[in-house]
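Undergrad: Chains G and B supply the protein sequences, listed in that same order. Numbered according to this note's numbering, the first sequence spans residues 44 to 123. Numbered according to this note's numbering, the second sequence spans residues 96 to 692. Heads up, the beta-carbon is just placed ideally off N, CA and C, and yes, glycines get one too. Please read all numbers here as calculations on a predicted model, not as lab measurements. Below is one structure. I have some questions about it.
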Amino acid sequence: MLSEEKLRAVVASMLELDPSEVGPDTSTDTVDQWDSVRHMNLIIALEGAFDITIPDEDVANLTSYPIIKAVVEEQLASAG
Amino acid sequence: MIDAEASSRADLERAGSELSEVTRLVSALEGASPDARTVTFGLAGNITTDLLGTFLRKQALLHGQRAAVTVGGFDDPIGSAKQFASDGVEVVILLNLADAILPAFEARIPLLGNAGVEPLVGSFRSQLALTLAETRPIKHVFASLAHRLTPPSVGQAEDEIDQAIALINEAIADEASRFDNVHLVSTEAIAARLGWDRAHDWRSYERFRAPFTPAFMDLFAEQVYRSTRGFGSYFYKALVLDADNTLWGGILGEDLADGIKLGSHGYPGSVFWRVQQEYLALQQRGVLLCLCTKNNPADVDAVLASHPEMVLRDEHFAAKAVNWDDKPANLRRLAEQLNIGLDSFVFIDDSPFECEAVGTQLPMVRTIQVPSSLFDYPALAAGLKDLFLTSDTSAESAAKTAQYRLAAEATNERGRHATEEEFLASLGLEVTVRRNDRPNAPRISELTQKSNQFNLTTRRYTVGEIVSLMESDNADVYSVHVADKFGDSGLTGVAALRYDGHAEAAIDTFLLSCRVLGRGVETSLWGPILDAARVRGCTTLVADYLPTAKNGQVLDFWDRLGLDLVSDEPDGHRRYRADLATFSVPPASHIEVVNAF
Chain G
44 MLSEEKLRAV VASMLELDPS EVGPDTSTDT VDQWDSVRHM NLIIALEGAF DITIPDEDVA
104 NLTSYPIIKA VVEEQLASAG
Chain B
96 MIDAEASSRA DLERAGSELS EVTRLVSALE GASPDARTVT FGLAGNITTD LLGTFLRKQA
156 LLHGQRAAVT VGGFDDPIGS AKQFASDGVE VVILLNLADA ILPAFEARIP LLGNAGVEPL
216 VGSFRSQLAL TLAETRPIKH VFASLAHRLT PPSVGQAEDE IDQAIALINE AIADEASRFD
276 NVHLVSTEAI AARLGWDRAH DWRSYERFRA PFTPAFMDLF AEQVYRSTRG FGSYFYKALV
336 LDADNTLWGG ILGEDLADGI KLGSHGYPGS VFWRVQQEYL ALQQRGVLLC LCTKNNPADV
396 DAVLASHPEM VLRDEHFAAK AVNWDDKPAN LRRLAEQLNI GLDSFVFIDD SPFECEAVGT
456 QLPMVRTIQV PSSLFDYPAL AAGLKDLFLT SDTSAESAAK TAQYRLAAEA TNERGRHATE
516 EEFLASLGLE VTVRRNDRPN APRISELTQK SNQFNLTTRR YTVGEIVSLM ESDNADVYSV
576 HVADKFGDSG LTGVAALRYD GHAEAAIDTF LLSCRVLGRG VETSLWGPIL DAARVRGCTT
636 LVADYLPTAK NGQVLDFWDR LGLDLVSDEP DGHRRYRADL ATFSVPPASH IEVVNAF
């Protein structure tokens, strides 16, 4: 089971947001500082925090919070 | 108030290399300390180095500083170095990976052969030489040595990859030796410390050209801070050592000189004997050793003079504080005595209580607790030399260190210190008093047999004698349990009362384990015991002090509790009395006393 609170916390700290600001609208279009370095660190942090491997085809597509949530949930389900 | 910043730092230390947690804490703490001294870093290399920036910022915060990190252009060390020099960056880190010298370099080494590898190493060397020429004006330059990314071959001691790596490292060391400002960092040692799999991330290497894990970057940043002594944030000169369970196993006051665990053979004495060798080696290198222990001076002197297995002797200690005062007070005294700042001290003790007392009251002292798992102690002791050894610091930067220190003292002395009362309140002390607790009679008997120092009458009782006291109508045996936020010290105190002539309660025995002393436990536990005596109809309290060779520290205990001295015999026997109707024990608001009978 995905803890959404934990997911929001990880995304928030890696994108320098407040956890309360992270939601359906959080995306590369709405978060100015979501650059390639932060994206890289976000992927590394997500993999570390949830002990998952984000599939290669998804790495570049993780451009919004809803997509991140779906991919992390999928990986947790296939691991569990 | 325990300093909020100090507790956030503890969080940061605990976060280890967990990337999102470290990132969150780093951002929060940087916002909270806008005025801290900022060290500027420039990162360059033939791989993606951004992750190192997060961990340099972490280390800076742990040292009361901030780090401002600029990442140079990818695989453009010379251009990056020029930029850093013109920006006036203080520290440049060159983090190169051998495998990235050429795409899939390690896989291609056997195919290239010597004839192919040597010119490649030559051009890497030229690039490094040019880079280092550009960083000449920069104060500190850290250049990574090369190590192999593919795990070393187990069956073949040195294969072609190892040979190529050796060639590269020879070139790096040779170029670095031309510059006074260049420190080398062994990435191989970091990988070895973590283990290959924890140090490297192939996924992230292939995706982002970022081969090193957060754990690797964490250790790398720590090494950078160690080898510069935190960029002047510390300058340790003296190592202050506790004695019991730090220099030897066991408690001298209870186990006596021939009972302490120390010796070249046989665990656990061998661990303490080994760490004493480390401490002696530090002393030979110029570190001032001090002894700071709650013990009787004569007992400790005897061990230093004549314990056959002691490695450290009296002559190795620059100063000693062997008494029953609290450790922060003793550290202050040692600093005065040696005429050095408290921030020059590294303090080692096995007790979490003492470590927290020093940590909160004297935050400038580097406090290290002996690991609770004794097997971790030798590695800890061996690592201490990093705190003291000069790397290649020039006299000028040493003078600068002293300036930082003066500035730091001025700021630290104000506002950062919790008072002792606040510290005690933060411990969550709980004292539980039980009466005639039969199942614990063996432990109570054992304490009467073993306790020497905090023991007012030193009456030794067998289990049978304790049980008959418990069953008697004219006596009570109270046992005391002490717990705090660090855990439960267990049954650590005994008080036995006899009721002769009905209206008189006489304290037959009172003893406490030294582990729980110094926090007001010894006075607070009397509340419920004396209430019970009153309920019984007693109007007078009588107590004795019977001197022994060991119990000098409690000579005036009954005075401190507030009893009146009624006789003082030539043999040292003192008798005290109090009127129970008016007597009350000194208040200790930081202790919760639980009456469990």
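Would residue 115/B and residue 115/G qualify as a contact pair, given that the criterion is a beta-carbon distance under 8 Å?
TA: no
Undergrad: Please classify residue 360/B as buried or exposed, where buried requires at least 16 neighbouring CB atoms within 10 angstroms.
TA: exposed
Undergrad: Step through the CB atoms of chain G and report whether any lies within less than 8 Å of the CB of residue 579/B.
TA: no
Undergrad: Under 8 Å Cβ-Cβ, which residues of chain B neighbour residue 96/G?
TA: 298
Undergrad: Go ahead and pull the three-state DSSP assignment for residue 46/G.
TA: coil
Undergrad: Taking residue 302/B as the query, report the chain G residues whose CB atoms sit under 7 Å from its CB, ordered along the chain.
TA: 102
Undergrad: I'd like to confirm the pairing. Which residues does DSSP put opposite residue 384/B in its beta bridges?
TA: 334/B, 412/B
Undergrad: Along the stretch 102 to 113 of chain B, what residues have a CB closer than 9 Å to any CB found in chain G?
TA: Against chain G - using a Cβ distance shorter than 9 Å - the residues of the stretch 102 to 113 of chain B are 112, 113.
Undergrad: Return the first residue and the last residue of the beta strand (DSSP E) that residue 631/B is part of.
TA: Segment: none, residue 631/B is in no beta strand (DSSP E) and carries neither H nor E.
Undergrad: What's the gap between the Cα of residue 648/B and the Cα of residue 551/B?
TA: Pairing residue 648/B with residue 551/B, the inter-Cα distance amounts to about 10 Å.
Undergrad: Hey, out of 256/B, 238/B, 157/B, 187/B, whose CA is closest to residue 206/B's CA?
TA: 256/B
Undergrad: Which residues in chain B have a C-beta closer than 7 Å to the C-beta of residue 110/G? List them in chain order.
TA: The contacting residues do not exist; residue 110/G stays about 17 Å from chain B at best.
Undergrad: Counting only C-beta atoms, is residue 114/G closer than 8 Å to chain B at any point?
TA: Not one chain B Cβ lies under 8 Å of residue 114/G.
Undergrad: With a threshold of 7 Å on Cβ separation, who are the neighbours of residue 535/B within its own chain once the five nearest residues in sequence on each side are excluded?
TA: 574, 586
Undergrad: Using only alpha-carbon positions, find the residue among 226/B, 340/B, 430/B that is nearest to residue 464/B.
TA: 340/B
Undergrad: Whose Cβ in chain G lies nearer than 8 Å to the Cβ of residue 145/B?
TA: 80, 83, 84
Undergrad: Let's test the definition: count the other Cβ atoms within 10 Å of the Cβ of residue 590/B and tell me whether it reaches 16, buried, or not, exposed.
TA: It counts as buried.
Undergrad: For a test of the three-state rule: what should DSSP assign to residue 599/B, helix, strand or coil?
TA: strand
Undergrad: Is residue 592/B closer than 8 Å to residue 571/B when the C-beta atoms are compared?
TA: Yes. Within cutoff.
Undergrad: What residues in its chain sit with their C-beta under 8 Å from that of residue 501/B, if we drop five residues either side in the sequence?
TA: Residue placement at residue 501/B is flagged as unreliable, the pLDDT there being 42, under the threshold of 50; the coordinate-derived value follows with that caveat. Within the same chain, residue 501/B has no close Cβ partners at all.
Undergrad: Kindly indicate if chain B contains any beta-carbon less than 8 Å away from that of residue 88/G.
TA: Contact of residue 88/G with chain B is assigned, a C-beta pair being separated by under 8 Å.
Undergrad: With distances taken between CB atoms, is the gap from residue 241/B to residue 204/B smaller than 8 Å?
TA: no
Undergrad: Output, in chain order, the set of chain A residues within a Cβ distance shorter than 9 Å of residue 91/G.
TA: Note that chain A does not occur in the displayed structure, where the protein chains are G and B.
Undergrad: Helix or strand or just coil, what does DSSP make of residue 404/B?
TA: coil
Undergrad: Give me the subset of the stretch 51 to 65 of chain G whose CB atoms are less than 8 Å from a CB atom of chain B, sorted by chain position.
TA: Listed in sequence order: 52, 53, 55, 56, 57, 59.
Undergrad: Below 8 Å, can you find three or more Cβ-Cβ pairs linking the stretch 422 to 432 of chain B to the stretch 395 to 403 of chain B?
TA: no
Undergrad: Tell me, please, which residues DSSP counts as bridged to residue 573/B.
TA: For residue 573/B, which the question treats as bridged, DSSP gives the partners 530/B, 590/B.
Undergrad: Helix or strand or just coil, what does DSSP make of residue 251/B?
TA: Three-state result, residue 251/B: coil.
Undergrad: To the nearest angstrom, how far is it from the Cα of residue 634/B to the Cα of residue 674/B?
TA: 6 Å
Undergrad: Work out the CA separation of residue 349/B and residue 364/B for me, nearest whole Å.
TA: Whole-angstrom Cα-Cα distance: 16 Å.
Undergrad: What does residue 119/B touch in chain G if you count any residue whose Cβ is under 8 Å from its own?
TA: 52, 55, 56
Undergrad: By Cβ distance, which residues of its chain are closer than 8 Å to residue 643/B, with the 5 residues on each side in sequence left out?
TA: 547, 550, 553
Undergrad: Pull up the distance between the alpha-carbon of residue 284/B and that of residue 61/G, whole angstroms please.
TA: Computed Cα separation, rounded: 38 Å.
Undergrad: Could you check what DSSP says for residue 116/B in three-state terms: helix, strand or coil?
TA: helix
Undergrad: Verify the CB distance criterion: does residue 128/B have a CB-CB separation below 8 Å to chain G?
TA: It does not: the Cβ of residue 128/B has no partner Cβ on chain G nearer than 8 Å.
Undergrad: Quick one: list the residues of chain G neighbouring residue 122/B, beta-carbon separation under 9 Å, in chain order.
TA: 56, 59
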